[in-house]
Amino acid sequence: AASLGLTTRRIQFTPDLLPSDVTGIYFFDQKTGEFVFRPGAVFTNILLADEINRTTPRTQSALLECMEEHQVTIDGNTHILDEPFFVIATQNPVETSGTYPLPEAQLDRFLLCLHLGYPEHDAEKEILLGASRPVTEAVCTPEQLMAARAACEQVFVSDAMLEYLLALANKTRKDRTVQVGLSTRGVQAIQKTAKAWAAMQGRDYVIPEDIMAVAAEVMAHRLIMKGGASLQKMDFKHEASLRMIEETEVPTES
Numbered sequence: 003a004a005s006l007g008l009t010t011r012r013i014q015f016t017p018d019l020l021p022s023d024v025t026g027i028y029f030f031d032q033k034t035g036e037f038v039f040r041p042g043a044v045f046t047n048i049l050l051a052d053e054i055n056r057t058t059p060r061t062q063s064a065l066l067e068c069m070e071e072h073q074v075t076i077d078g079n080t081h082i083l084d085e086p087f088f089v090i091a092t093q094n095p096v097e098t099s100g101t102y103p104l105p106e107a108q109l110d111r112f113l114l115c116l117h118l119g120y121p122e123h124d125a126e127k128e129i130l131l132g133a134s135r136p137v138t139e140a141v142c143t144p145e146q147l148m149a150a151r152a153a154c155e156q157v158f159v160s161d162a163m164l165e166y167l168l169a170l171a172n173k174t175r176k177d178r179t180v181q182v183g184l185s186t187r188g189v190q191a192i193q194k195t196a197k198a199w200a201a202m203q204g205r206d207y208v209i210p211e212d213i214m215a216v217a218a219e220v221m222a223h224r225l226i227m228k229g230g231a232s233l234q235k236m237d238f239k240h241e242a243s244l245r246m247i248e249e250t251e252v253p254t255e256s
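Counting in the numbering used here, the sequence shown tops out at residue 256, every number present.
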């Protein structure tokens, strides 16, 4: 957040966390005799939802509107969130005790799912030594970040690339190991991420390699596999995503 000049807040998701802790609440001010809105943690630029699957589905659902619409509605009143707005969440493995499954609708609203793994040797050694991190200076302004986002949206996607995206989505929906494949929102997420990847490579158009580079990270957490809980692990779903990407025919531009 500091490197982008943005504000950030963190919520520790626990079983007793309430939806109002996330979105905000109206309380009665006895001095003024009026109801006053107290903003929740979502009123920031970057929200860190730590251990998101340790809270109840009711509280998890409080994030649905703000992640999709960038607004919250409380007691019939709509409050617009600041832009840009991002949600970054951590979750515990599905087999860990004391966790609640994330609803499909919420999983679909997360653009990417990344597995960080263990830190590298030098980084872990710094942690053990208690090395302090240098103060991060902003490398861009929020306005520049929004301009970069707008530029990514202008990246061209040809009809052949759209057909490739649809073929990949259809593959997930018909694959023998998948119970629930990609939704339309999921296909849009791959397209959006591929456009950003293409822009990062210095191009203003998408090629198949852009889609293949990002698709697994966008797809895996959205898939529901056939079988027991062991088949819902992210490692298994990521491997299945890579297989389906490899099995999908890559278009050639004429």
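For glycine and all other residues, C-beta sits at the position ideal for the given N, C-alpha and C.
- prompt: Expressed to the nearest angstrom, what Euclidean distance is found between the alpha-carbon atoms of residue 38 and residue 181?
  reply: 46 angstroms
- prompt: Exposed or buried, what is residue 47 when buried is set at 16 or more other beta-carbons lying within 10 Å of its beta-carbon?
  reply: buried
message: Can you tell me whether residue 36 is helix, strand or coil according to DSSP?
response: strand
Cross-strand partners of residue 81 (DSSP beta bridge): The secondary-structure analysis by DSSP pairs residue 81 across a beta bridge with 74.
message: For the pair the stretch 211-225 and the stretch 185-201, tell me if three or more CB-CB distances fall below 8 angstroms.
response: Under the 8 angstroms Cβ criterion, the stretch 211-225 counts as touching the stretch 185-201, having at least three qualifying pairs.
- request: Within its chain, find whatever has a CB closer than 8 angstroms to the CB of residue 121; leave out the 5 residues flanking it on each side and keep chain order.
  value: 129
message: Are the CB atoms of residue 86 and residue 163 within a distance shorter than 9 angstroms?
response: no
- prompt: Does the beta-carbon distance from residue 249 to residue 173 come in below 9 angstroms?
  reply: yes
query: Between the Cα of residue 1 and the Cα atoms of 55, 204, 65 and 59, which residue gives the shortest distance?
result: Lying before the first or after the last residue shown, residue 1 is absent from the chain, which here runs from 3 to 256.
- request: Please go through the same chain and pick out, in chain order, the residues whose beta-carbon is closer than 8 angstroms to the beta-carbon of residue 226, but skip the five residues on each side of it.
  value: 106, 180, 181, 182 and 234
Endpoints, the alpha helix (DSSP H) within which residue 120 is located: Taken as a continuous stretch (DSSP letters only), residue 120 belongs to no alpha helix (DSSP H), as it is neither H nor E.
query: Considering only residues of the same chain and omitting the five flanking positions on each side of residue 12, which have a CB-CB separation below 7 angstroms?
result: 50 and 52
query: Using CA coordinates, which residue listed in 36, 68 and 155 is at the minimum distance from residue 202?
result: 155
task: Within 10 angstroms of the Cβ of residue 207, are there 16 or more other Cβ atoms? Answer buried if so, exposed if not.
output: exposed
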